[in-house]
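A.B. asks: Residue numbers (the working numbering): 272 to 607.
A single structure is presented below for examination.
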């Protein structure tokens, strides 16, 4: 029995749809259906009742789900241990981290794992800054601090905010910027939204909608690139408390902007704030997340290797389809 089969099983329960679960796990609906049938055969029981387009958990399925959640959580914790054993480093008692809003929201638990397995007595101190602030200070970064930021896959989007010297250095493979994951932006809406029934959404479809997002200049810059009515940063609602975004989606019918890390990794770190639908808009808009620091930085390369090991174990299918090294390939010619 593979851990990905159990993760898929739990995702089907969450989405109440094999098709939507397949999208979250980055596999085909046919592959997802076959995997669920194989799991049922292996367990010798029916996990779901299927009536047309509806799918409901059986009593036996509910009991299996309870245990599956424990197994998946234990496996994820074990992978943190394995990743750190593959790349153990010395650390001070206080690990100071400067991170973007997206990193702080999604990776705080993983950063704490990294710190703990580097030093059992380590205490994590996270300071939030936007990506542009971090990048502008790249020449004076503290070598004892871990800097984590997001950059658009297409650097031209942020060319007005980033200096040419930073872009050139960032595009020298693993010189000062160490990308470890590529994410795609997704649109989040209420299950009652007209968009919820659509397989695809164009960014330009959102021109008449109110968008709710984190008050992050990097994110607002990307939204403005793709949604004409937001080019001057006039999105519907910018907040520091991301839980308010779920409320805005559910109660006010607003549209949220998030990222595509699959549920196998995301559930461990993201607080669930609403029951809604996530759809990848067209054209695809992507960004990479990585560590920033010179070769003398104690943590940049180490944390990147830690994350690469961890994600390769937790979400192998996702990582194969979303290679962060695409950042170098896409931009090198333009900024060389």
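Idealized CB from N, CA, C, for every residue including glycine.
Predicted model, so just to flag it, every value in this text is computed and none were measured.
1. What are the start and end residues of each continuous beta strand (DSSP E) run of 3 or more residues lying completely inside the stretch 415–495, in chain order?
2. Are there 16 or more other CB atoms within 10 angstroms of the CB of residue 463, so buried, or fewer, so exposed?
3. Buried or exposed: which applies to residue 517, given that a residue is buried once 16 or more other Cβ atoms fall within 10 Å of its Cβ?
4. Report all residues from its chain with a CB closer than 6 Å to the CB of residue 331; omit the five preceding and five following residues, and keep chain order.
5. I'd like to confirm the pairing. Which residues does DSSP put opposite residue 321 in its beta bridges?
6. Judging by CA-CA distance, which residue of 312, 601, 454, 459 is the nearest neighbour of residue 377?
7. Helix, strand or coil: how does DSSP classify residue 400 here?
8. Beta-carbon separation of residue 343 and residue 319 under 9 Å?
9. Kindly confirm or deny that the stretch 438–448 and the stretch 557–574 touch, where touching means at least three C-beta pairs closer than 8 Å.
10. Quick one: using the 10 Å Cβ neighbour count with 16 as the cut-off for buried, is residue 348 buried or exposed?
11. Opposite residue 508 in the DSSP bridges: which residues?
12. Give the DSSP-derived three-state secondary structure of residue 516 in the structure shown.
13. Can you give me the start and stop residues for the beta strand (DSSP E) that residue 558 sits inside?
14. Taking residue 417 and residue 368 to be in contact with their CB atoms under 8 Å, please state how far apart those CB atoms are, rounded to whole angstroms.
15. Evaluate residue 413 with the Cβ neighbour count: other Cβ atoms within 10 Å of its Cβ, from every protein chain shown; 16 or more gives buried, anything less gives exposed.
16. Write down the C-beta distance between residue 274 and residue 289 rounded to the nearest angstrom, noting that I regard them as a contact closer than 8 Å.
17. Taking C-alpha atoms, which residue in 408, 512, 461 lies nearest to residue 436?
18. So what does DSSP say about residue 366, is it helix, strand or coil?
19. Would you kindly work out how many angstroms separate the C-alpha atoms of residue 597 and residue 366, rounded to a whole number?
20. Quickly, what does DSSP pair residue 553 with across the bridge? List them, please.
21. Roughly how far, in whole angstroms, is the beta-carbon of residue 456 from the beta-carbon of residue 528, given that I think they are within contact range, below 8 Å?
22. Determine the direct distance from the alpha carbon of residue 499 to that of residue 286, and round the result to whole angstroms.
23. With three or more beta-carbon pairs closer than 8 Å as the criterion, would you say the stretch 465–476 touches the stretch 489–509?
24. Using beta-carbon positions only, say whether residue 382 and residue 419 come within less than 9 Å of one another.
25. In terms of residues, what are the limits of the beta strand (DSSP E) holding residue 276?
26. Which residue comes first and which comes last in the beta strand (DSSP E) that contains residue 307?
27. Under the rule that 16 or more other beta-carbon atoms within 10 Å means buried, what is residue 591, buried or exposed?
28. Would residue 602 and residue 490 qualify as a contact pair, given that the criterion is a beta-carbon distance under 9 Å?
29. Does DSSP put residue 530 in a helix, a strand or coil?
C.D. replies: Judging by the given coordinates:
1. Runs of the beta strand (DSSP E) inside the stretch 415–495: 417–423, 448–461, 482–485.
2. exposed
3. buried
4. 316
5. 326
6. Minimum Cα distance to residue 377 is reached at 454.
7. coil
8. no
9. yes
10. exposed
11. 483
12. helix
13. 557–563 is the span of the beta strand (DSSP E), which, as asked, contains residue 558.
14. 5 Å
15. exposed
16. Not confirmed; about 18 Å, so no contact.
17. 408
18. strand
19. 30 Å
20. According to DSSP, which records beta bridges pairwise, residue 553 is partnered with 473.
21. 6 Å
22. 31 Å
23. yes
24. yes
25. Residue 276 -> not in any beta strand (DSSP E); alpha helix (DSSP H) instead, spanning 274–286.
26. From DSSP, residue 307 is part of no beta strand (DSSP E) but of the alpha helix (DSSP H) over 300–314.
27. Around the beta carbon of residue 591, fewer than 16 other beta carbons sit within 10 angstroms, so the residue counts as exposed.
28. Residue 490 sits away from residue 602, with the two beta carbons spaced by 9 Å or more.
29. strand
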